[in-house]
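J.:
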């Protein structure tokens, strides 16, 4: 991982970093202006997502972002593995890494939105199959990005002497594996540079919304404990595992309890106001309170990388500033 991407310094906690996930733009000008705002607000990365419909293609906008900012790292949080063969993804990632002078990070997930598959005429396999395919893809992608000539014979992928040429600029392109399930987290713990937590449970019938049962602090305790247990089988050469969180909503306010109650009633009736205020997947509170809470979450759960939605851009800048040096 790059120095800003979570490696602890002198035995201390990993530094905080923040990324903004942007999925929409109606013109090049709008995208360029968004990248400039993200850069100026103190974020360390601009990230895209990967959905069919209502979402920019994941990698192409990052090439433009690389031209606009020479500082921001460029990520995808996360790619749907079913839409990207690892050999082709490695080539695209390496090319983007070359064009950006070594700023690319790749996130992978197993895919979850069945309606997207149906519209595109793609087979939506059962979750165990998609997760098994993801596990193979992470291994293949990692080896290709690390410069190996890969011969691989698995259940889902077969390669015979494949190589990523030209190679990426970075000695190691960071790979994150993210999702809401334990099986996905175990893949990340054993093979990836970072694990992405979403707190999202089963996908609801619309293919986009999820059961937020994983938002409660006690469930986060259990999820993180499972990742730490799986990390015991992690190769030492992989280095420390970064813990990333996808934050669904940011509300900076001095009336945290009132905002939490309103959010619970309107959108998250299964969660109490206390749940809203203690989950890492929502940020509700004043600038100072949020900064303190993120420090506490890092101590409790190891979270150091927070990814927020584009709607949070105007709110999070003072929180980022308050965490500088902490």
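Numbering (the working numbering), first residue to last: 3 to 328. Beta carbons are placed, not taken as given, at the ideal position from N, Cα and C, and that holds for glycine.
#1: Grouping DSSP H, G and I as helix and E and B as strand, with all else coil, what is residue 313?
#2: Identify whether residue 164 lies in helix, strand or coil by the three-state DSSP scheme.
#3: Note the first and the last residue of the continuous alpha helix (DSSP H) segment covering residue 147.
#4: Between the beta-carbon of residue 147 and the beta-carbon of residue 164, is there less than 8 Å?
#5: By Cβ distance, which residues of its chain are closer than 8 Å to residue 273, with the 5 residues on each side in sequence left out?
#6: Just to confirm before moving on: does the CB-CB distance between residue 18 and residue 318 stay below 8 Å?
#7: Look up residue 283 in the DSSP assignment and say whether it is helix, strand or coil.
#8: Starting from residue 105 and walking both ways along the alpha helix (DSSP H), at which residues does that stretch end?
#9: Beta carbon of residue 198, beta carbon of residue 80: below 8 Å?
#10: With C-beta atoms as the reference, is residue 41 less than 8 Å away from residue 74?
#11: By the three-class DSSP mapping on this structure, what secondary structure does residue 51 have?
#12: Does the region 297–309 come close enough to the region 242–254 that 3 or more CB-CB pairs lie under 8 Å?
#13: Which residue wins for smallest C-alpha separation from residue 84, given the options 77, 238, 134?
#14: Please determine, among 275, 253, 201, 51, the residue with the shortest C-alpha to C-alpha distance to residue 315.
#15: Tell me which same chain residues have a C-beta within less than 7 Å of the C-beta of residue 256, skipping the five on either side of it?
T.: Taking the definition as stated:
#1: Secondary structure at residue 313: helix, using DSSP grouped into helix, strand and coil.
#2: strand
#3: In the DSSP annotation of this structure, the continuous segment of the alpha helix (DSSP H) that includes residue 147 starts and ends at 129–147.
#4: no
#5: 214, 217, 218, 266, 281
#6: Cβ distance not < 8 Å, so residue 18 and residue 318 don't count as in contact.
#7: coil
#8: Residue 105 -> no alpha helix (DSSP H), and no H or E assigned at all.
#9: yes
#10: yes
#11: Coil at residue 51, not helix or strand.
#12: The region 242–254, when compared against the region 297–309, does touch it at the 8 Å Cβ threshold.
#13: 134
#14: 253
#15: 288
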